[in-house]
Every structure is written in C-alpha cells, then in structure tokens.
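Notes for the one structure printed next.
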Amino acid sequence: MTRIIVVGNGMVGLKFCEKLISRSADFEIIVYGEEPRPAYDRVHLSSFFSGSSAEDLLLTPYSWYESNKIKLLTGELVTSIDRNEKAVQTHSGRKDHYDILVLATGSSAFVPNIEGVERNGVFVYRTIEDLIQIRDYASKIKKAVVIGGGLLGLEAAKAMIDLRLETHVVEFAQRLMPRQVDDDGSAILVNKLQQLGIQVHINKSTSRIEGNGKLEGLTFSNGTSIDADMLVISAGIRPRDELAKNSGLNVHQRGGILVDDFMKTNDENIFAIGEAVCHNNMVYGLVAPGYEMAEVVVRQLVNDHIKPFKGFDMSTKLKLLGVDVGSFGDAFGETPGSIPIALKDNRNGVYKRVNISSDGKFLLGGILVGDAAQYHLFHQMVANKIPLPNQPESLIFGTSSKTDETSGVKNLPDSAQICSCENISKGDLVFQIAQSGVTTLDGLKKNTKACTGCGGCAPMVNDILKITLESLGHKVKKTLCEHFDYSRQELFGIIKVKELRTFNQVLDSHGRGDGCEVCKPAVASLLASIWNEPIMQQPTIQDTNDRYLANIQKGGSYSVVPRIAGGEITPDKLMAIGRIAQKYNLYTKITGGQRIDMFGARVDQLPSIWAELIEEGFESGHAYGKALRTVKSCVGSTWCRFGVQDSVAYAIFIENRYKGLRAPHKIKGAVSGCIRECAEAQSKDFGIIATEKGWNLYVCGNGGARPQHAKLLVNDVDMETCTKLIDRFLMFYIRTADPLTRTATWLNKMEGGLDYLREVIIDDKLGICDLLEKEMKELIEGYHCEWKKVVDDPELQKQFKHFINSDDTDPTLSFVEVREQKLPSNWNEMRDKNK
Amino acid sequence: MEILNQLRTHAAENLCEIKIWFRAAHISDFPENGGACIKYKDLQIAVFNFSRRNEWYACQNLCPHKMQMVLSRGMIGSTDGDPKIACPFHKKTFSLLNGQCLNGEEEKISVFPVKVEDGFIYIGFTK
Ligand code: SRM
Ligand SMILES: Cc1cc2nc3c(=O)[nH]c(=O)nc-3n(C[C@H](O)[C@H](O)[C@H](O)COP(=O)(O)OP(=O)(O)OC[C@H]3O[C@@H](n4cnc5c(N)ncnc54)[C@H](O)[C@@H]3O)c2cc1C
Ligand code: SF4
Ligand code: FES
C-alpha cells in the first residue's frame, strides 16, 4: 500500500483526505497536525465569539478519522523531512516513512516588525487558541485596537464589538479592504462601521507599541497616538514554508512553497497545497482555491481525469459587520478601455460599481457595498461572458427585485460554477434534482455538498432548486416535514374545519408514515391553539418539556416556574416558594422574566411540588410551553413619581387574560408606566407603554439572538381598544405563522409587512376581526391550570416516574454544591468520566 | 466509553445470543406511541410502545451526545418508514432498528430485542 503523509490538519489538509478516501481505498494515510484538535472551520472562526464552541467548529470528529482508517496525530509538529530516506520527524521524536508527502501547512498571521510587538496584550487572530486568549484578556479591559483594515482585520473588529470593547481599526492604506474595494466603496464602509461604534483610522502606519510589560497604546509614524488595552494584529498572512525551506524545497522570496501546475514541489514525491503554497506568483488566502489544489493532487494519485491548477478567481462576497461587500472579476477596472458605471447612495449606504468592456457588450467586474444581492448573478455574468442588456446601467440603477434574480439564474449555462467551495456547477445541481428526486435544500446539500463550505451560494442553490422543480412540474410549497404536505397555516384550517382532535386523526386523514419530532409538536401546538384541551391527553406528541409540564435541565432533572403575573408577589407567597424550595432542596433563581425558577426536581417529585404550590395559590407558569410566558411590568403610577398609568394592574390583567395560550412559539409581553420604558416593552411580542392619554401598543419585538425592536401599531388608545387589538393580533399570529416562528420573524416574512398587519387587524380588510376575537374569547374561557389536572388525577401521575418497573430514582442524577445551593454536575465532565 | 461498552455487551447481534428474556412491565404501563424507562440490573433501557404500528422497540436510555439518561422521554417517529427516536435534549435522532445516529455523527446506540407474551413486555439480554 502506498503510504501518504499529510503535514497539516487544516481545512485544506482535511479536504484532501476526504477527497482521497472517497475515490480510493488503496492508500494508507497518516496526518500530522500541530494544533491540539482536529481540523476545524477557520472560515467561521469568529462565530466562537457569538456562541459557537470549539467543539461546534470542528469539521469532523476524531471518530471520523478512525472509521476511515486515517491515522491522525494532533499536537505533533513536523520538524524535518529527510528526503533521501523519505521520512519525516516530529518535535516529539516520532519518525515515519512516506511514499508521497503532502504539505498542507497553511499560513500564520503576518506580524509586522514594529517596536514593542512582544508586549502583553498583543494578539494575532488565526487559531482557536488565539481566540481563547483574546477572550480571556478582553474580560479585563475596555479598549481594543485592530491593526489591519482588510477582510481579516474587519472580522477581528467585529469580534471586538461582540466582546463589548471600544473598538478601533488602524489601516496602513488609504482605504479599508484595499484589495476588494475602491475609495468610494471604502467611504461607505467607514461610515457604516462608525455607525456601529467602530472608529476607523486610515492612512496610519504604526511605528511603536507603547507600554511597560503590557501594552498601553500605539504611536503612529506621523507622531499621533492612541491609547489601547489590547491590540489584535490582523494585517495579512505569511505562508508556513519553513519546513519546506529547511528541507531544501524551493520557496518564493516573499514566502510560499513553490509548486508547478500539478502542485508538485521540486521533489517529485512531495506535493504542497493550500495557503502554504505560491503558485504562479500568487498565494491564495481563501479556502476554495485550496480545495481545488487538493482536487488536482487527488486526481493524480488515483490517476483519473488529471488536470492542472489554472489559478483561481479571487472574487469574494461577504457580510462584514452586517454590511454586504462583494468584489468580483476585474473589480478596479484595470482592463484597458474598460468603462466604470457607479452608483453612490450615501443615504442608504449603498455603493455599486460595474466595469464594462469598451464595446459595452460584457461585464468585466465590479464592487458592491451595502447591497450585494446581485453578486452571484454578476459574478456568473463575468465568468460565463453573458451578453449585457442594451442599457447596461440598468444593472445597477434598476431595482433589483427578487424575480430578476431568479430569471438571471435561469439564463445561466449549465457550466456556471455555483458553489465555488465545492466546485459544483449549475448542471451538477440540475442533474441531482432531476435524477435523484431531491426536493429540499437539505437533501440537495446532502447529495452534492453544495452550500456546506462558506454557505454563500445557498440563495442561488435554492433558486436553482425552485426553478428546476417547477420545470419538472413540481409544485413548490412549504410543508411541515416528510409526513405532511401541508404548511402549518393550511393544517390550522383543516383541523378546525374537519374537527380533528388527535394527532393520529390528523395523520391518518392528511399525512403519511408515523410522524416525527417535527410534526408531532407542531400538530400538538395546533390542537392546543384550536381546542384548548389538556395537553396531557396526548402526552407523547408533546416536546419533553410540555410532556412533563416542566423544563428539563442538564442531567435530566426539571425546573418549576409558577406564574407570578406582572412580577407582583405577596410576602406570604414569597415565603411559600422559599419553604417549598427548601423542602425539596431546589436551587432558586430570579429569572429574566420577573419570576422565580426552582431547579433540580426529580421527575417523580413534580406532582407533589405542584400540589404544594397550588395549595398556596399558585398556578403553572407555562415556562415549558410554546405559550404565553410572562408580561413584565414596571412599578407604574401607583408608586413611581414619573408613572402616568397603572402598568402593574394592566400587566397582571393581560397576563391572566392570555395565560395558557398556546402559539407557534412562545409569546412575551410587557407594560411600562411611562416613556422611560423600564419594563422593556419594545423588546416583546407585544409591548404596551403608557402615555398621558392612554396606551401605545407595540408589536413584534424580540430579544434573543437576533434582537429586534417592536413596531408601533397604534398610539394613545384606551385600555379596551388596546386589549381588543392584542386579541386580534395574537389570534392572527396563531392562525398563520409557521411552526417555531416568533412574531418578529413572522412579521418580517409577511408580505406587505406592518401596513398589511394594520389592514387586517385594525381596518378589518379581510373581514375576520370578529372571528379572531371570538376564537380568542373561547380560548380564554377554556383556560385550565395544567398542573392541577395532574395533581387531581392519580392516573396521570403514573407517568411521573423515572423507571416504570421500579421505585428507584435515576442513579445518574448528580449535583454539586456551589454558592450554598446545588447545581447539576458538569456534563462535559460526566462525558469525560464515562469515556 | 465505559458505559457504552457496558451496554453493548448486553445487546445481541442476533436472537440466538439471547440468554435472558427479562420481564419488564405490563403493556398497560407504557404510554401509547411513546416510551418509558425500565431498570435491568444496573442498566437503564428505554422501551417504546409504537402502537400506531403495533410494534415495540428497546434501546439504551443514555443519549451518547451529552451522556444524558433521557432517551425514553423522547419522541418516536419514522423516517422513510424506519422507526426512530429523537432525544429530547437536542433532537439527535437514532434508528430504533440498528441504533445508527440519523442526523449527526454521534456514537451508535445499543438496541435490544423485545417480545410480548401474555400482556407483558420482555427485553432480551445476552447476560
Ligand atoms: C429561566 C430563563 C433564564 C433566567 O434564569 O432568567 C430562561 C431560560 C431559558 N430560555 Fe430564555 N429564559 C428566560 C428569559 C428569557 C428572556 C428575557 C425575557 O423574557 O424578558 C429572553 C429574551 C426575550 C425574548 O424571548 O425575546 C429569552 C430568550 C430565549 C430564547 C430566544 C428566543 C428568540 O426568539 O430568539 C430561547 C430559545 C427558544 O425559545 O427557542 C430561550 C430558551 C430558553 C430555555 C427554554 C432553553 C431550553 O430550551 O431549555 C431556557 C429554559 C431554562 C429553564 O428550564 O427554565 N430563551 N429568555 C428566563 C425565564 C423567564 C421566565 O420567567 O419565564
Ligand atoms: C478569521 C479568519 C477568517 C477567514 N475567513 C475566510 C472566508 O470568509 N473565506 C475564505 O475562503 N477563507 C477565509 N479564511 C482563510 C481560510 O481559513 C484559509 O484559507 C484556510 O484555512 C487555509 O487552509 P489550509 O489548510 O491551507 O491552512 P490552515 O487552515 O492554516 O491549516 C494548516 C494547519 O497545518 C498546521 N501545520 C503547519 N505546519 C505544520 C507542521 N510543520 N507540522 C504539523 N502541522 C503543521 C497548522 O498548525 C494548521 O493547523 C479566513 C481565515 C481566518 C483566520
Ligand atoms: S437560560 Fe437562556 S441564555 Fe441562558 S443558557 Fe439557557 S437558553 Fe441560553
Ligand atoms: S443529549 Fe441527546 S441530543 Fe444532546
């Protein structure tokens, strides 16, 4: 067997392995990686600061290598190559023979030689370890400077904002992203960054990093300076060619292992691929060219359709700090005779520039800032030399409606490359859709791997899917899952009209198969919203939290949240909660929703805890359901010297009105007693703010990962009108939203937006307002406390046991004591312990 | 992983390896189209009453994703006709026929044979 050693387990090294094993089993593969973990997604590295863990970023787990018989040695730096003996040696002294060696050593961050770069608080932005260090350091400081206003630098700046630091970007050139955009494009970008609170300093060359041990500031060559607590250098990359160089392989004087068109170095048994390589005077700092290089080598090894590496288009589209930036083809109009056409819209922060050929027939390239929706289309027009329309300026001055985009996709030739990360053409996609009968984006992703790299091509792939399906005569519509060909809204109508009461009735009459974890809770939610019967009658179609009327927690225990409407509670009730929590040894915490959560209950303890709470006058808080959660309040006019209306009374009234109401997703409300908005009503699904004359009603706000302010629906209305409008609003939402869609997303997707919503629920354009109010009234009248149902019914209580054949409790439940209360044992530790 | 290996030594590759048919509980103890957990020695086994199909399945109660003892509280369903269980924690799904993870790269779970006699559910173990 031929033995292949791969040095470097980065994105390209891994892609090489994937490609090779998918074509041949005739190779023994050994991979050496210097980093402590297997290859991870460096392209999405920054998501580490917005919630992804190091584990989430892994491209494949250790077990993947094992099951494909690839020997992966992480934490091993290859230090020398003995080319005569054909062997590599690592820092720990390991030695291995190779038949073929593939160098995929990537690059490191380029650190300019500035006086003082060794100071504490100076970081680069390349590996997960770098990011961990940055995060730890950032927790102690306030102000960060990023050197580098290119792609990577701006990404680092975004990370600094995510870490809530005052952020400055310093760029040596006279504009941001000097390789992708021109001065006008950069001006728009600078503007946008400033709106986000990032200060931009262009045309500044750093001459010294000040400080004493740790850094305290930067001095520029023009004599000015800036204070800083942390510096992140993100000023470019430096190919890691040191191993190659020390082993006598040729490297470029400015860095990069020299290779020919077949990725061969000057040793015929050694290939080099990825960012470490210099091909035809170019070092490619993107994944797609690296993947193509891997393909070139794999084809030679398996001796099938051998092709050379022909260089790579460096067009890019990305979303930086929420700003779309696209740069494609001849972006700067360097082709002789090319004519630029540009649109600069400072008000909306949009810049578009296209360069057309001197004869006006073809698009050569261009730059898009602020709105890059047309990027893929333009890029394909360049790549495929699609003739321009008669008035080429209509490309950027005309409105870029969605239909234009799909018709553009329609005109692309089959050879057009759609997914550049995986090199998939339009023809490949159409073939898959036609031949293998895939009908969903997910299916297409699985079959072709399209969109699995940077994901930028997803909108285009989706358009191609839609167009192809349509041309094949498929009706394209939103369906719940493989078991139902209906959308949630359609099922609402069906269930209501046909008076279906159970999941099985719905499935038997309008679905197929046996259901799944997607359609069961969706139908359960519909049944609850339409009939409001106790969900305990069909426990096994509920999500686990609904099934046990409590929220499952790490380790498998549950939390209990009684309703505390409006956040108002008497001392007696406070003491009751304290007593019950103490009796059952529960961890207690004030929630973000103005109430009290008690954690760590065993499943068998739930009914008796509820019984005691009910005894004290509490009810279920529905913290487990896609249902009304809380209506927060501020103190309001009764106590507060600024209050103009009684916000507490109104919040309690509203919370009690909608308690138990089930919806496509959870719903939250708040009532503030004056314009100061202490109840944060504008971040809620419905928010009410008191005015001198009455109440302002806001709708469709959201906290969570994508916060969105609620929009003003009506102002200065009286309480009765306000309540009536909320009735209509909620009922319309319950009827028409997709599963697990909050009101904010529902409105964002609604054609016609807020105006349409107003027409429906205020002007009664559809003539359904009476119906909506009637339906809401029925739901309100049908309210019951779900806990009480269980407490009153010994039959139902039988489900609340860990084992059905033993009274033992779950022996794996374990807790530790922290700050005088119990917490579940850490699950990662539990995992490791069991390894 | 120790726990997983321990479970595997109890799961039979084919029916002739079964040494013990353990009487777990009465049919009526299980919810319709859902699961419950039973204790056998120091193992926890999730047993599913797939009443819609008139079938019974058993698998380990431990979800290999975060090592949580919860699979019996998950939702059952089918994909392309094959029965599956979705973990209530993060909705990883596993085939009830062979234990394969269907939407991720998690370890395979162990599945156990089930038989019904005189209204009682029996689970087959190799020891
Ligand atoms: C307990 C609590 C945290 C706390 O200790 O303060 C909490 C806990 C959870 N939140 Fe929350 N959220 C809590 C207030 C909030 C708030 C603040 C608020 O309501 O004012 C928000 C932002 C406001 C909003 O929802 O718009 C919030 C936004 C979320 C989201 C993101 C929702 C979104 O639309 O993006 C999720 C995820 C989801 O629901 O899909 C979530 C999901 C969860 C879940 C249910 C996660 C889960 O599935 O297990 C947590 C359940 C823990 C448990 O068992 O109790 N939680 N969560 C708070 C309970 C409030 C209550 O009394 O009911
Ligand atoms: C923050 C950030 C954002 C990015 N965003 C994008 C983007 O949006 N789009 C895009 O296309 N690209 C992006 N890139 C670039 C992309 O990540 C790289 O092009 C890609 O990772 C290159 O892959 P590689 O395998 O050649 O190198 P690497 O991923 O760097 O992997 C090389 C590996 O080899 C190891 N190694 C080196 N020498 C040795 C040795 N002697 N022995 C053992 N191991 C060794 C290194 O430790 C490293 O793990 C981004 C990069 C960063 C840092
Ligand atoms: S309580 Fe909410 S924010 Fe906190 S960890 Fe859970 S889901 Fe995340
Ligand atoms: S613990 Fe089961 S899916 Fe995460």
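Protein chains in written order, with the numbering used here: chain A, 727 to 1561; chain B, 153 to 279.
Beta carbons are placed, not taken as given, at the ideal position from N, Cα and C, and that holds for glycine.
Here the structure is a predicted model, which means the values were calculated and not measured.
Alpha carbon of residue i to alpha carbon of residue j, nearest angstrom
{"i": "Asp1130(A)", "j": "Asn1428(A)", "result": "Its pLDDT being 45, under 50, Asp1130(A) is placed unreliably by the model, and the measurement read from it follows with that caveat. Approximately 32 Å between the Cα atoms of the pair."}
{"i": "Arg980(A)", "j": "Val850(A)", "result": "20 Å"}
{"i": "Ala176(B)", "j": "Val1329(A)", "result": "20 Å"}
{"i": "Ile275(B)", "j": "Ala1389(A)", "result": "40 Å"}
{"i": "Gly759(A)", "j": "Leu746(A)", "result": "18 Å"}
{"i": "Ile1415(A)", "j": "Val1397(A)", "result": "6 Å"}
{"i": "His770(A)", "j": "Lys1043(A)", "result": "14 Å"}
{"i": "Phe182(B)", "j": "Ala1375(A)", "result": "45 Å"}
{"i": "Thr1356(A)", "j": "Arg1461(A)", "result": "21 Å"}
{"i": "Arg905(A)", "j": "Phe836(A)", "result": "16 Å"}
{"i": "Ala1002(A)", "j": "Arg966(A)", "result": "5 Å"}
{"i": "Val804(A)", "j": "Val814(A)", "result": "7 Å"}
{"i": "Ser191(B)", "j": "Tyr1010(A)", "result": "Checking the sequence shown, residue 191(B) turns out to be Lys, not Ser. Computed Cα separation, rounded: 58 Å."}
{"i": "Tyr766(A)", "j": "Phe753(A)", "result": "24 Å"}
{"i": "Pro1550(A)", "j": "Lys1315(A)", "result": "14 Å"}
{"i": "Val1539(A)", "j": "Val199(B)", "result": "Note that residue 1539(A) corresponds to Leu in the displayed sequence, not to Val. Cα to Cα, Leu1539(A) sits roughly 20 Å from Val199(B)."}
{"i": "Glu184(B)", "j": "Phe1412(A)", "result": "38 Å"}
{"i": "Ala1405(A)", "j": "Gly1319(A)", "result": "10 Å"}
Residues that residue i contacts on chain A, provided the C-beta gap is smaller than 9 Å
{"i": "Asp270(B)", "result": "Under the 9 Å cutoff, chain A gives no residues; its nearest Cβ is about 16 Å from Asp270(B)."}
{"i": "Thr245(B)", "result": "Cys1242, Glu1243"}
{"i": "Arg205(B)", "result": "Asp1240"}
Proximity below 7 Å, CB of residue i to CB of residue j
{"i": "Ala1407(A)", "j": "Gly1292(A)", "result": "no"}
{"i": "His162(B)", "j": "Phe272(B)", "result": "no"}
{"i": "Phe246(B)", "j": "Ile261(B)", "result": "yes"}
{"i": "Arg1064(A)", "j": "Phe1054(A)", "result": "The question names Arg, but residue 1064(A) is Ser in the sequence shown. Going by C-beta atoms, Ser1064(A) is not nearer than 7 Å to Phe1054(A)."}
{"i": "Ile928(A)", "j": "Ala883(A)", "result": "no"}
{"i": "Asn1277(A)", "j": "Ala1349(A)", "result": "yes"}
{"i": "Leu1451(A)", "j": "Leu1473(A)", "result": "no"}
{"i": "Leu857(A)", "j": "Ala870(A)", "result": "no"}
{"i": "Ile1150(A)", "j": "Thr1174(A)", "result": "yes"}
{"i": "Asn213(B)", "j": "Ser224(B)", "result": "yes"}
{"i": "Ile996(A)", "j": "Leu799(A)", "result": "no"}
Three-state secondary structure assigned by DSSP to residue i
{"i": "Ile1530(A)", "result": "coil"}
{"i": "Ala913(A)", "result": "helix"}
{"i": "Thr1266(A)", "result": "helix"}
{"i": "Phe1614(A)", "result": "Since the first residue of chain A shown is 727 and the last is 1561, residue 1614(A) is not available in this structure."}
{"i": "Pro1247(A)", "result": "helix"}
{"i": "Asn735(A)", "result": "coil"}
{"i": "Cys743(A)", "result": "helix"}
{"i": "Asp1272(A)", "result": "helix"}
{"i": "Ser1162(A)", "result": "helix"}
{"i": "Arg1079(A)", "result": "strand"}
{"i": "Ala188(B)", "result": "strand"}
{"i": "Leu1523(A)", "result": "Correcting the residue identity first, residue 1523(A) is Gln in this sequence and not Leu. In this structure, Gln1523(A) counts as helix in the three-state DSSP scheme."}
{"i": "Met989(A)", "result": "coil"}
Where residue i meets chain B, residues with beta-carbon distance less than 8 Å
{"i": "Lys1246(A)", "result": "Met227, Gly229"}
{"i": "Pro672(A)", "result": "Because chain A is modelled from 727 through 1561, residue 672(A) falls outside the range shown and cannot be assessed."}
{"i": "Pro764(A)", "result": "Result: empty, since nearest Cβ-Cβ is about 12 Å, beyond 8 Å."}
Within chain B, partners of residue i - CB distance below 7 Å
{"i": "Thr1538(A)", "result": "Met221"}
{"i": "His1528(A)", "result": "Cys189"}
{"i": "Arg964(A)", "result": "The premise fails here: Arg964(A) is roughly 34 Å from chain B at the closest Cβ pair, so nothing lies under 7 Å."}
{"i": "Trp790(A)", "result": "Glu257"}
Per-residue contacts from residue i into chain A (C-beta, under 8 Å)
{"i": "Glu184(B)", "result": "Thr1266"}
Under 9 Å by beta carbon: chain B residues contacting residue i
{"i": "Pro1520(A)", "result": "Residues of chain B passing the Cβ test: none, with the nearest at roughly 14 Å."}
{"i": "Asp752(A)", "result": "In chain order: nothing, as chain B lies at least about 25 Å away."}
Closer than 7 Å at the beta carbon, the chain A residues around residue i
{"i": "Gly233(B)", "result": "Gly1239"}
{"i": "Ala176(B)", "result": "Asn1531"}
Closer than 7 Å to ligand 4: residues, by C-beta to nearest heavy atom, in chain order: Cys215(B), His217(B), Lys218(B), Gln220(B), Val222(B), Cys239(B), Phe241(B), His242(B), Lys243(B), Lys244(B)
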